[in-house]
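K.L.:
At position 233 of the sequence shown the residue is numbered 259 (the working numbering), and the sequence of numbers has no breaks.
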Amino acid sequence: MLDIELLSNIKGKVAVLTGASRGIGKAVADAIIANGGKVVIGDLLEKEGQAVVSEYNKRAGEKVAVFIRTDVTKYDDNKNLFQLAEREFSGVDYALLNAGIGYNANSMFSPLNDEMEEKILNVNTIGVIKGTKVALLHMAKRGGGSIVHIASAAGFFSSPGFASYNASKHGVIGYTRSFQLMPYICNVRVNALCPYWVETDLLPGLNASEENEEPFYNVIKHSPRVPMETVVEGVLTLLIDKTRNTETLLATPKGIITMEIPQQPDSFHTKQSNAAFKKYIKEVIPVSKAQLATALRRYELSSSKL
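As structure tokens, this is what we get:
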């Protein structure tokens, strides 16, 4: 259970959430609204998304939520999503990059079709990368922020029936763990929550079809579930706890577990390589700050032309 004092940090904060018309995203949005925050929801499900924000605004008696149709695989859609947050609520403090699919999860013997093969990686992995890059620019302008990726237990434990889904979530975890220096560059933290099976609309999407059931789907049907409350607690912890960065929390049926980063073998290191790495750390932060400044100028210029 999250501390009430910690939850008080949400009041007045602006959160962008993808895939939040239902499921995990909506549950997190519910919690942010309940604790005095504002939400900007991006999703392909327009009717559901509009209904969600309308209910939030009606209940609050003021505008605390907005929706925009968003395809997370497109940079323009990600830019429009975060720019909407700036126009409506003056900036972005939190981002939950949650949109995901299970389409063609079992891809080992599926047709050799480019679009079919690429879709799950484009949504689950590339969508997270594109959303993160846009979020970083907006949060850097604001002076900092927090990004949470929704990965999966499948990013650690590979099921034989879900090769492409496993790959997409392993990719998210590797990406999340690459932001060790970002707090020193622009005061932005990046973490990932990795749930075991949660009762959402994603689960049926992992099945081959109603007529031809994926054999592993029977295992899923009989596996324990993670309570949605545990998932929400994990996301909010990562969003608001300023001590956490590049953490990958596993949401299990019995609670949250921190997954440790594998240790490198001693043979990876020599005196020369250690000295080179120390030199890199000293040099990379100012270089990255300069690259960020260039990226911000480029982004502002491209946005002014829209």
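Glycine included, every Cβ here is placed at the ideal spot set by N, Cα and C.
Does the beta-carbon distance from residue 314 to residue 211 come in below 7 Å?
P.N.:
As a position in the sequence shown, residue 314 is number 288, starting the count at 1. As a position in the sequence shown, residue 211 is number 185, starting the count at 1. Going by C-beta atoms, residue 314 is nearer than 7 Å to residue 211.
K.L.:
Taking the beta strand (DSSP E) that residue 73 falls in, what are its first and last residues?
P.N.:
Stepping through the sequence shown from its first residue, residue 73 is reached at position 47. Not the beta strand (DSSP E): residue 73 falls in the alpha helix (DSSP H), residues 72-86.
K.L.:
Express the C-alpha separation of residue 107 and residue 114 in angstroms, rounding to a whole number.
P.N.:
Stepping through the sequence shown from its first residue, residue 114 is reached at position 88. Stepping through the sequence shown from its first residue, residue 107 is reached at position 81. Approximately 11 Å, taken between the alpha carbons.
K.L.:
Considering only the beta carbon of each residue, do residue 43 and residue 55 sit closer than 7 Å?
P.N.:
As a position in the sequence shown, residue 43 is number 17, starting the count at 1. As a position in the sequence shown, residue 55 is number 29, starting the count at 1. Yes, Cβ-Cβ distance for residue 43 and residue 55 is below 7 Å.
K.L.:
Assign residue 87 to one of two classes, buried (16 or more other C-beta atoms within 10 Å of its C-beta) or exposed (fewer than that).
P.N.:
Position 61 of the sequence shown holds residue 87. Exposed.
K.L.:
If I'm right that residue 124 touches residue 51 with Cβ under 8 Å, what's the distance once you round it to whole angstroms?
P.N.:
Your numbering for residue 124 matches position 98 in the sequence shown. Your numbering for residue 51 matches position 25 in the sequence shown. Yes, residue 124 and residue 51 are in contact; Cβ-Cβ is about 4 Å, under 8 Å.
K.L.:
Assign residue 150 to one of three DSSP states: helix, strand, or coil.
P.N.:
Within the sequence shown, the letter at position 124 stands for residue 150. If DSSP states are grouped into helix, strand and coil, residue 150 belongs with the helices.
K.L.:
Can you tell me the Cα-Cα spacing of residue 60 and residue 140, whole angstroms?
P.N.:
Taking the sequence shown and counting its residues from 1, one reaches residue 60 at position 34. Taking the sequence shown and counting its residues from 1, one reaches residue 140 at position 114. Their Cα atoms are separated by approximately 43 Å.
K.L.:
For residue 172, which beta-bridge partners are listed by DSSP?
P.N.:
Looking up residue 172 in the sequence shown gives position 146. For residue 172, which the question treats as bridged, DSSP gives the partners 120 and 215.
K.L.:
If residue 68 sits next to residue 39, beta carbons under 8 Å apart, how far is it from one beta carbon to the other, in whole angstroms?
P.N.:
Counted from its first residue, the sequence shown places residue 68 at position 42. Counted from its first residue, the sequence shown places residue 39 at position 13. In fact, because the Cβ distance is near 17 Å, the residues do not count as touching under 8 Å.
K.L.:
Could you compute how far the alpha carbon of residue 275 sits from the alpha carbon of residue 174?
P.N.:
Translated into positions along the sequence shown, residue 275 becomes position 249. Translated into positions along the sequence shown, residue 174 becomes position 148. Each residue's Cα considered, the two are about 11 Å apart.
K.L.:
What separation, rounded to the nearest whole angstrom, lies between the Cα atoms of residue 282 and residue 318?
P.N.:
As a first step, residue 282 must be located in the sequence shown, where it is residue number 256. As a first step, residue 318 must be located in the sequence shown, where it is residue number 292. Cα-Cα distance, rounded: 34 Å.
K.L.:
Check whether the stretch 240-247 and the stretch 292-311 touch, using three or more Cβ-Cβ pairs below 8 Å as the test.
P.N.:
No: fewer than three Cβ pairs fall under 8 Å.
K.L.:
Could you give the DSSP three-state label for residue 68: helix, strand or coil?
P.N.:
Within the sequence shown, residue 68 is the residue found at index 42, counting from 1. Residue state, collapsed to three classes: strand.
K.L.:
Quick check: the Cα distance between residue 259 and residue 53, rounded to an integer number of angstroms?
P.N.:
Counting from 1 along the sequence shown, the entry for residue 259 is found at position 233. Counting from 1 along the sequence shown, the entry for residue 53 is found at position 27. So the alpha carbons of these two residues sit roughly 10 Å apart.
K.L.:
Sort 133, 176 and 74 by Cα distance to residue 265 and report the nearest one.
P.N.:
Translated into the one-based positions of the sequence shown, residue 265 becomes position 239. The candidate whose alpha carbon is nearest that of residue 265 is 176.
K.L.:
Could you give the residue range of the beta strand (DSSP E) that holds residue 276?
P.N.:
To locate residue 276, count along the sequence shown from 1; it is residue 250. 274-278 is the span of the beta strand (DSSP E), which, as asked, contains residue 276.
K.L.:
How would you label residue 135, buried or exposed, when you count the other beta carbons within 10 angstroms and need 16 or more for buried?
P.N.:
Residue mapping note: residue 135 aligns to position 109 of the sequence shown, counting from 1. Classification of residue 135: exposed, given that the 10 Å Cβ count is below 16.
K.L.:
Pull the bridge partners of residue 41 from the DSSP assignment, please.
P.N.:
In the sequence shown, counting from the first residue as 1, residue 41 sits at position 15. DSSP, once it has assigned bridges, lists 65 and 120 as partnering residue 41.
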